[in-house]
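**Q**
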Amino acid sequence: MDRRQPDLTLLTDNVHKGRNLSAVLRNADAVGIASMHCVVDDNEYRAFRGTAMGSQRWVEMYRHKTIESAIAPLKQQGVQILAAHLADDSVDYREVDYTGPTAILLGAEKRGVSAVAADMADAHITIPMMGMVQSFNVSVAAGIILAEAQHQRMQAGCYDQCRLSPEQYQRLFFEWAHPQLTAFCQQRGLAYPPLGEDGELEDAPGWNAKVKAGQATLA
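For the sequence shown, position 185 matches number 185 in this note's numbering, and the numbering has no gaps at all.
1. Could you pull the start and end residues of the alpha helix (DSSP H) that residue 24 belongs to?
2. If we count the other Cβ atoms within 10 Å of its Cβ and call it buried at 16 or more, is residue 61 buried or exposed?
3. Look at the alpha carbon of residue 117 and the alpha carbon of residue 94, and state the distance between them as a whole number of angstroms.
4. Tell me which residues share the same chain as residue 175 and place their Cβ nearer than 7 Å to its Cβ, disregarding the 5 neighbours each side in the sequence.
5. Apart from the five residues just before and just after residue 158, which ones in its own chain have a Cβ nearer than 7 Å to its Cβ?
6. What are the start and end residues of the beta strand (DSSP E) that includes residue 140?
7. Just to confirm the assignment: which complete alpha helix (DSSP H) runs, minimum length 4, are found wholly within the stretch 69-134?
8. Per DSSP, which one or two residues make a beta bridge with residue 38?
9. Identify which residue in 35, 119, 216 has its Cα closest to the Cα of residue 101.
10. Which residues does DSSP pair with residue 5 in a beta bridge?
11. Are there three or more Cβ pairs, one per stretch, closer than 8 Å when the stretch 5-16 is compared with the stretch 123-135?
12. Between the Cα of residue 91 and those of 74, 145, 38, 39, spot the shortest distance and give me the residue it belongs to.
13. Mapping DSSP to helix, strand and coil, what is residue 164?
14. Can you check whether the C-beta of residue 15 is within less than 8 Å of a C-beta belonging to chain D?
15. Whose CA, out of 192, 120, 200, 198, lies closest to the CA of residue 211?
16. What does the alpha-carbon distance come out to for the pair residue 216 and residue 168?
17. Within its chain, find whatever has a CB closer than 7 Å to the CB of residue 201; leave out the 5 residues flanking it on each side and keep chain order.
18. Per DSSP, which residues does residue 195 bridge with? Please list them.
19. Would you decide whether residue 1 is buried or exposed? Buried here means 16 or more other CB atoms lie within 10 Å of its CB.
20. Buried or exposed: which applies to residue 107, given that a residue is buried once 16 or more other Cβ atoms fall within 10 Å of its Cβ?
21. Give the secondary structure of residue 51 by DSSP, where H, G and I count as helix, E and B as strand, and everything else as coil.
22. Measuring CA to CA, which of 88, 109, 70 is closest to residue 134?
23. Give me the Cα-Cα distance between residue 23 and residue 139, rounded to the nearest whole angstrom.
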């Protein structure tokens, strides 16, 4: 967790097929991304959850109904939106700076990012192609771009110290260490119980008694 990058994220714009989303998610985890965003319909999201093979435990997935509702809050937080998109103003993906707050926007393989998403992006980036095809699989493209982002961030020392807030660290540690208890608390709207130095509940019997009595702290 000490290498998680809270200011680096991915955003997928109607990427189809659950296995593609799952592969993108695994790429995100590999470079220390803590959360990513997706715009996807119900059927595709259910398929993704069925093929993620637990990878969603390590990277939080935020789902949005529209690309506008996904991008707008990120831009308000000062996050630059870099769209993988072929346009007249596109630049080589290695020529941009990934060391600041950044969201990498990826579209569906055939259609790419939507016109709305392209307009809202701060810059368009491309991966040079030397063969006959014009695009990579979306998960491959994500991996290539993220490898450059990771390289730049390593050079800048972004992985040298923990960048999560104490609250984020404690929450993520609880969710990773206690997945079943996490699901229990989330289903009932309960706050996570405090953990001891050994990573176990400080007072498991006392907390269980409060839950049974309806006195546990709400989230």
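Using N, Cα and C, we set each Cβ at its ideal position, and we do this for glycine too.
**A** According to the structure shown:
1. Indexing the sequence shown from 1 puts residue 24 at position 24. Looking at the DSSP string, the run of the alpha helix (DSSP H) that includes residue 24 is 18-30.
2. Within the sequence shown, the letter at position 61 stands for residue 61. Its Cβ being crowded by 16 or more others within 10 Å, residue 61 is buried.
3. Residue numbering aside, residue 117 sits at position 117 when the sequence shown is read from its first letter. Residue numbering aside, residue 94 sits at position 94 when the sequence shown is read from its first letter. Those two C-alpha atoms are separated by around 21 Å.
4. Numbered from 1 along the sequence shown, position 175 holds the residue referred to as residue 175. Cβ neighbours of residue 175 beyond the five flanking positions: 182.
5. Position 158 of the sequence shown, counted from the first residue, corresponds to residue 158. If we look at residue 158 and ignore the five residues flanking it on each side, its Cβ neighbours are 5, 99.
6. On the sequence shown, position 140 is the one that residue 140 refers to. Per DSSP, residue 140 belongs to no beta strand (DSSP E); it is in the alpha helix (DSSP H), 138-155.
7. For the alpha helix (DSSP H) assignment, the uninterrupted runs of no fewer than 4 residues enclosed by the stretch 69-134 are, from N- to C-terminal side, 115-120.
8. The residue labelled residue 38 in the question sits at position 38 within the sequence shown. DSSP output for residue 38 lists 12, 63 as bridge partner(s).
9. In the sequence shown, residue 101 corresponds to position 101, counting from 1. When each option's Cα is compared against that of residue 101, the closest is 35.
10. As a working note, residue 5 is residue 5 in the sequence shown. 33, per the DSSP bridge assignment.
11. In the pairwise beta carbon analysis, the stretch 5-16 is classified as not touching the stretch 123-135: fewer than three pairs are separated by under 8 Å.
12. Working through the sequence shown from its first residue, we reach residue 91 at position 91. Proximity to residue 91 across 74, 145, 38, 39 peaks at 145, based on C-alpha coordinates.
13. Translated into positions along the sequence shown, residue 164 becomes position 164. Coil, per DSSP.
14. Within the model displayed, chain D is absent; a lone protein chain is all it includes.
15. Residue mapping note: residue 211 aligns to position 211 of the sequence shown, counting from 1. Selected option, being the one with the closest Cα: 192.
16. Position 216 of the sequence shown holds residue 216. Position 168 of the sequence shown holds residue 168. Rounded to the nearest angstrom, the two C-alpha atoms are 21 Å apart.
17. The residue given as residue 201 occupies position 201 in the sequence shown. Taken in chain order, the residues that qualify are 193, 195, 207.
18. To locate residue 195, count along the sequence shown from 1; it is residue 195. Its beta-bridge partners are 201.
19. Position 1 of the sequence shown, counted from the first residue, corresponds to residue 1. With fewer than 16 neighbouring CB atoms inside 10 Å of its own CB, residue 1 falls in the exposed class.
20. The sequence position of residue 107 within the sequence shown is 107, counting from 1. Classification of residue 107: buried, given that the 10 Å Cβ count is 16 or more.
21. Start at 1 with the first residue of the sequence shown, and residue 51 comes out as number 51. Unreliable positioning characterises residue 51 in this predicted model, as indicated by a pLDDT of 49, which lies under 50. The coordinate reading is nonetheless provided below. Residue 51 falls in the helix class under three-state DSSP.
22. Locating residue 134 in the sequence shown gives position 134, where the first residue counts as 1. With distances taken between Cα atoms, residue 134 lies closest to 109.
23. Looking up residue 23 in the sequence shown gives position 23. Looking up residue 139 in the sequence shown gives position 139. One alpha carbon belongs to residue 23, the other to residue 139, and they sit about 6 Å apart.
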